[in-house]
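Numbering (numbering that gives the first Met the number 0), first residue to last: 0 to 75.
Think of the CB as a built atom: it goes at the ideal place given N, C-alpha and C, for glycine as much as any other residue.
All values derive from a computational prediction rather than experimental measurement.
Below you'll find the structure, written out as structure tokens, and then a few comments.
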Amino acid sequence: MSTDLLADWKKNKFILADKDLTDTDKHVIVLTDVSYWVDHVDALVDWCMANKASTQGMTVEIDDDKTLTLFILRWA
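Below, the structure is given as structure tokens:
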């Protein structure tokens, strides 16, 4: 029997990557619920443009704590 190491991640729309795992000072959000984000990609891109965040692949980079809080409130 195999154990799904990413099971907890799959229960969420996104996770906030630990600073120890990134090479940037920005907050890195990993978009984990692929089917959700496929349906909401246009709204996400619009939100990122309005809030000075950037998307690349299945990640979002955010510069500051305030914008991170806004992301979590909007998308949680």
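Cβ-based burial, L30 [other Cβ within 10 Å; buried from 16]: Position 31 of the sequence shown, counting from 1, holds the residue named residue 30. L30 comes out buried.
The segment 46-53 touching the segment 13-24, judged by at least three CB pairs closer than 8 Å: No, because fewer than three Cβ pairs between the segment 46-53 and the segment 13-24 fall closer than 8 Å, the two stretches do not touch.
Contact under 7 Å by Cβ, L69 with H26: Here residue 69 corresponds to residue number 70 of the sequence shown, with the count starting at 1. Here residue 26 corresponds to residue number 27 of the sequence shown, with the count starting at 1. No, the pair does not count as a contact, with Cβ atoms beyond the cut-off.
Reduced DSSP category for T21 - H, G, I as helix; E, B as strand; rest coil: One-based indexing of the sequence shown puts residue 21 at position 22. Here T21 sits in coil by DSSP.
Those runs of the beta strand (DSSP E) which lie wholly inside the segment 16-65 and span at least 3 residues: 26-30, 53-55 and 58-61
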